[in-house]
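Peer 1: Structure below; questions to follow.
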Amino acid sequence: MKILTGNDLKTGAVTWWDGTGWSLHVEDAVDVGEEASAIAAREEAARRVNVPYAIDGTVDADGKIRPAHIKDRIRALGPTVRPDLTLKPADPEAGNWVI
Amino acid sequence: MYRYDQYDQAMVDTRVAEFRDQTKRRLEGKLSEDQFKPLRLQNGLYLQLHAYMLRVAVPYGTLNAAQMHALADIAEKYDRGYGHFTTRQNIQYNWIKLADAPDILADLAKVEMHAIQTSGNCIRNISSDQYAGAAADELIDPRPYAELLRQWSSFHPEFLALPRKFKICVIASETDRAAMKLHDIGIRMVRNDAGEIGCAFYVGGGMGRTPMIAPLIRDFVPLEQLITYSEACLRVYNRYGRRDNKYKARIKILVHELGADEYARQVEEEFQHLLGQGIEPPIAELERIKAYFQDPPFEADAPDDLDLSDPAFAAWVKNNTHAHKQAGYVSATISLKPVGGIPGDASVAQMHLMAELAKEYSFDECRVTHAQNIVLPHVKKADLFALWQKLEESGLGSPNLDTIEDIIACPGLDYCSLANARSIPVAQKISERFAASGKSSALGELKLKISGCINACGHHHAGHIGILGVDRKGKENYQLLLGGSEGADTSLGKITGPGFDEDGIVQAVETAADVYLREKQEGERFLDTYRRIGMEPFKEALYG
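Going down the list, the sequences are from chains F and G.
Numbering of the first sequence is given in the numbering used here, commencing with residue 10 and proceeding in unit increments.
Numbering of the second sequence is given in the numbering used here, commencing with residue 2 and proceeding in unit increments.
Below, the structure written as structure tokens:
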């Protein structure tokens with residue numbers, strides 16, 4: 010599975026292609042298959058995303074998409090050492106999702 | 002400390018205006034990311050794992066209170082309430098919005114700071130001894146010369162597109178507290194047989210994927226030829242340094258491949274040529290700079306004794322203060338390494354407090370250390386207890402300087418797009434483990450340094466115990482190194498053997514520490530014992 014990620018131009022925030030636009034939440038990501046390059050080029054040209062690129066994704070036991078590599082999982086969540094600054098500050102188990 | 006003149010201020014203000022226009026054009030879509038990237042990097046703005054990251058230069062680590070307050074204000078107004086002090090004596094902000102970056106640079110310019118040349122293949126921030134101008138064992142204050150080098154290297158048209166980045170360190174003590182020999186150029190102020198003060202040049206050191214200790218290239222360069230000789234060193238590198246392979250582009254590779262003698266010969270040839278060109282700044286300029294580094298008005302009869310009846314205060318004094326050249330004073334280190342904390346991070350409140358303490362107790366001056374701590378360089382011994390109490394109240398009183406809890410750690414995979422493994426959680430677990438076991442004080446001086454990748458921002462090669470995080474089939478793995486040192490006895494650590502997972506590396510560090518406690522002889526540090534008994538007893542304990 011291939012999923013598409015990049016950064017918001019203005020904030021630098023990590024974003025994920027959800028099929029129609031860019032989401033902050035990796036669980037919204039969709040499999041882009043062979044379309045990654047075309048979508049990335051179109052979206053970057055329209056300035057809706059900064060430096061997009063495709064990564065490998067997997068589906069976890071709950072059926073949710075999960076980046077295959079730990080670096081991308083940390084991008085998706087936020088720094089594991091500052092749970093208060095992650096996208097899930099109220100979830101004490103959020104860090105386990107990364108490992 | 003140095004203050005900008007109208008030229009310094011105009012240069013920085015002009016750069017802010019220029020970057021404001023470039024940012025506007027990027028946000029309007031008139032510049033692509035490929036076009037904009039080199040422009041933002043020239044102003045210290047990276048795109049990191051979670052957001053834009055801004056690296057701000059702190060020249061030779063020196064700040065006044067207004068500057069530290071401004072750094073705190075930036076963290077509060079534009080970031081998420083904290084900053085990260087780095088092993089290059091700089092500060093980084095991790096959550097910057099692109100549209101805010103020009104305003105941040107403008108705020109920095111108001112307190113005579115900037116982020117210029119904190120990225121890219123240019124001469125980076127000049128580093129120095131955190132006790133410069135204060136240490137009892139210092140020959141002279143190296144900072145005027147560091148400042149001269151800063152001015153020479155800022156916007157130097159010939160050296161803005163070097164083969165790779167370039168780091169210079171200037172010290173003036175026999176004891177190296179700045180990892181001087183692990184820089185591209187390390188300069189030590191020395192006195193020759195005739196009693197004259199000059200500079201010994203060590204060229205071609207560095208860490209990263211190919212760690213090397215800089216060889217001595219010239220044992221004495223007269224002070225009035227400092228810039229000319231530096232220029233000669235850079236010119237030979239700029240001419241012959243490799244540009245075809247970024248992993249072989251640092252000057253250490255050139256010096257290694259040419260051989261130190263041949264490199265020195267070529268530098269000498271260029272030096273002789275340059276001596277006729279009159280490029281050395283006039284003495285009047287050096288004197289102008291020196292005037293900013295006069296000693297503060299020390300009390301000549303400040304009492305030199307200390308009441309150490311409070312054991313907690315005594316422990317802090319023992320570990321966190323350093324002998325001062327002026328009787329009745331010390332340099333005091335504020336540890337940014339609380340047990341379980343993030344090495345080098347400081348909150349807005351802590352930065353404001355450190356600024357206030359610098360103003361109240363240290364003649365309006367503080368220093369960032371390469372070990373990610375903050376120094377108040379000139380504290381009257383009579384004020385030390387009051388200072389310590391304020392630090393204790395705010396969680397900044399950890400008495401752990403140069404102990405196993407005073408860990409250098411790069412941001413690692415929690416923040417850095419280059420990292421392969423997380424550094425900070427490992428540092429947190431190790432400090433918690435040793436604080437809980439009570440072994441820290443028994444271990445004494447033990448410098449532990451962690452890098453999350455081979456680029457070695459966490460100086461793992463130079464740790465008595467070093468840890469290198471690697472990616473092993475998509476999982477974090479940690480290699481253990483022993484025997485590194487950054488001091489006068491600079492050495493590079495050696496890998497013990499197969500790596501460990503996150504919990505395994507914490508246990509491995511304790512195992513190595515236990516070998517030391519078992520084998521040490523009277524007066525030996527961990528490093529001394531390792532050098533005496535070698536790697537085998539450690540390997541035996543680690544791997545059986």
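C-beta: ideal position from N, C-alpha, C; glycine also.
Since we're looking at a predicted model, the values are computed, not measured.
1. Quick one: Cα of residue 46(F) to Cα of residue 27(F), how far?
2. Less than 7 angstroms between CB atoms is the rule here; does residue 21(F) satisfy it with respect to chain G?
3. For the beta strand (DSSP E) containing residue 469(G), list its first residue and its last residue.
4. Is the number of C-beta pairs between the stretch 83-99 of chain G and the stretch 335-350 of chain G that are closer than 8 angstroms three or more?
5. What is the rounded straight-line gap between the Cα of residue 48(F) and the Cα of residue 5(G)?
6. In angstroms, rounded to a whole number, what distance separates the CA positions of residue 450(G) and residue 7(G)?
7. Which chain F residues are close to residue 477(G), counting only those with a beta carbon under 9 angstroms from its beta carbon?
8. Given a threshold of 16 other Cβ atoms within 10 Å of its Cβ, counted over all protein chains shown, does residue 59(F) qualify as buried or as exposed?
9. Short of 9 angstroms Cβ to Cβ, which residues in the stretch 63-74 of chain F face chain G?
10. Spell out the partners DSSP gives residue 1(G) in its beta bridges.
11. Examine chain F for any beta-carbon lying closer than 7 angstroms to the beta-carbon of residue 34(G), and answer yes or no.
12. Specify whether the stretch 390-404 of chain G and the stretch 456-463 of chain G touch according to this definition: at least 3 beta carbon pairs, one from each stretch, less than 8 angstroms apart.
13. In chain F, what lies closer than 7 angstroms to residue 426(G) by C-beta?
14. Could you compute how far the alpha carbon of residue 272(G) sits from the alpha carbon of residue 233(G)?
15. Give, in chain order, every residue of the stretch 383-417 of chain G whose Cβ lies closer than 8 angstroms to some Cβ of chain F.
16. Quick one, are the C-beta atoms of residue 256(G) and residue 264(G) less than 7 angstroms apart?
17. Since residue 48(G) meets chain F, which of its residues come closer than 9 angstroms, beta carbon to beta carbon?
18. Exposed or buried, residue 476(G), counting other C-beta atoms within 10 Å across all chains shown (16 or more means buried)?
19. Say whether the stretch 472-489 of chain G touches the stretch 521-538 of chain G, bearing in mind that this needs 3 or more beta-carbon pairs closer than 8 angstroms, one atom from each stretch.
20. Going along chain G in order, which residues have a C-beta closer than 7 angstroms to the C-beta of residue 13(F)?
21. Rounded to a whole number of angstroms, what is the C-alpha to C-alpha distance between residue 24(F) and residue 52(F)?
22. Taking its Cβ as the centre, do 16 or more other Cβ atoms sit within 10 Å of residue 274(G), making it buried, or is it exposed?
23. Pick out the complete alpha helix (DSSP H) segments inside the stretch 6-67 of chain G, 4 residues or longer, and give them in chain order.
24. Kindly list, in the order they appear in chain G, the residues whose Cβ is closer than 8 angstroms to that of residue 48(F).
25. Using a C-beta cutoff of 7 angstroms, does residue 53(G) count as contacting chain F?
26. How would you write the range of the beta strand (DSSP E) that residue 355(G) sits in, first residue to last?
27. Cα separation between residue 328(G) and residue 378(G)?
28. Decide yes or no for the touch test of the stretch 328-347 of chain G against the stretch 289-296 of chain G: beta carbon pairs closer than 8 angstroms, at least 3 of them.
29. Using a threshold of 7 angstroms, state whether the C-beta atoms of residue 235(G) and residue 160(G) are closer than that.
30. So which residues on chain G does residue 84(F) lean against when the C-beta distance must stay under 9 angstroms?
Peer 2: In terms of the structure at hand:
1. Taking the first residue of the first sequence as position 1, residue 46(F) is located at position 37. Taking the first residue of the first sequence as position 1, residue 27(F) is located at position 18. Cα to Cα, the separation comes out at about 15 angstroms.
2. Working through the first sequence from its first residue, we reach residue 21(F) at position 12. Yes, its Cβ sits closer than 7 angstroms to a Cβ of chain G.
3. Taking the second sequence and counting its residues from 1, one reaches residue 469(G) at position 468. That run of the beta strand (DSSP E) goes 466-473.
4. yes
5. Position 39 of the first sequence holds residue 48(F). Position 4 of the second sequence holds residue 5(G). So the alpha carbons of these two residues sit roughly 49 angstroms apart.
6. Position 449 of the second sequence, counted from the first residue, corresponds to residue 450(G). Position 6 of the second sequence, counted from the first residue, corresponds to residue 7(G). Their Cα atoms are separated by approximately 41 angstroms.
7. Along the second sequence, one-based indexing puts residue 477(G) at 476. Neighbours of residue 477(G) on chain F, chain order: 79 and 108.
8. Taking the first residue of the first sequence as position 1, residue 59(F) is located at position 50. Looking at its Cβ environment, which holds 16 or more other Cβ atoms inside 10 Å, residue 59(F) is buried.
9. none
10. The structure shown has nothing for residue 1(G), since chain G only spans 2 to 545.
11. Here residue 34(G) is taken as the residue at index 33 of the second sequence, counted from 1. So yes, residue 34(G) belongs to the interface.
12. no
13. Walking along the second sequence from the start, residue 426(G) turns up at place 425. Under the 7 angstroms cutoff, chain F gives 89 and 90.
14. The residue you call residue 272(G) lines up with position 271 of the second sequence. The residue you call residue 233(G) lines up with position 232 of the second sequence. Rounded to the nearest angstrom, the two C-alpha atoms are 5 angstroms apart.
15. 414, 415 and 416
16. On the second sequence, position 255 is the one that residue 256(G) refers to. On the second sequence, position 263 is the one that residue 264(G) refers to. In contact: residue 256(G) and residue 264(G) (Cβ atoms closer than 7 angstroms).
17. Working through the second sequence from its first residue, we reach residue 48(G) at position 47. Near residue 48(G) (Cβ distances below 9 angstroms), the residues of chain F are 16, 21, 59 and 60.
18. What you label residue 476(G) is simply residue 475 of the second sequence in a count that begins at 1. It counts as exposed.
19. yes
20. For this step, residue 13(F) is matched to residue 4 along the first sequence. None at all; the shortest Cβ gap to chain G is about 16 angstroms.
21. Sequence index remark: in the first sequence, residue 24(F) carries index 15 (1-based). Sequence index remark: in the first sequence, residue 52(F) carries index 43 (1-based). Their Cα atoms are separated by approximately 12 angstroms.
22. Position 273 of the second sequence, counting from 1, holds the residue named residue 274(G). With fewer than 16 Cβ atoms within 10 Å of its Cβ, residue 274(G) is classed as exposed.
23. 7-28 and 34-42
24. The residue given as residue 48(F) occupies position 39 in the first sequence. What residue 48(F) touches in chain G: nothing, since even the nearest Cβ is about 16 angstroms away.
25. Sequence index remark: in the second sequence, residue 53(G) carries index 52 (1-based). Residue 53(G) counts as touching chain F.
26. Here the question's residue 355(G) lines up with position 354 in the second sequence. Where residue 355(G) is concerned, there is no enclosing beta strand (DSSP E), although the alpha helix (DSSP H) it sits in stretches over 349-362.
27. Start at 1 with the first residue of the second sequence, and residue 328(G) comes out as number 327. Start at 1 with the first residue of the second sequence, and residue 378(G) comes out as number 377. Between residue 328(G) and residue 378(G), the C-alpha separation is close to 13 angstroms.
28. no
29. Within the second sequence, residue 235(G) is the residue found at index 234, counting from 1. Within the second sequence, residue 160(G) is the residue found at index 159, counting from 1. The answer is yes: Cβ separation under 7 angstroms.
30. Here residue 84(F) refers to the residue found at position 75 of the first sequence. Going along chain G in sequence order, the residues near residue 84(F) (Cβ under 9 angstroms) are 50, 51 and 418.
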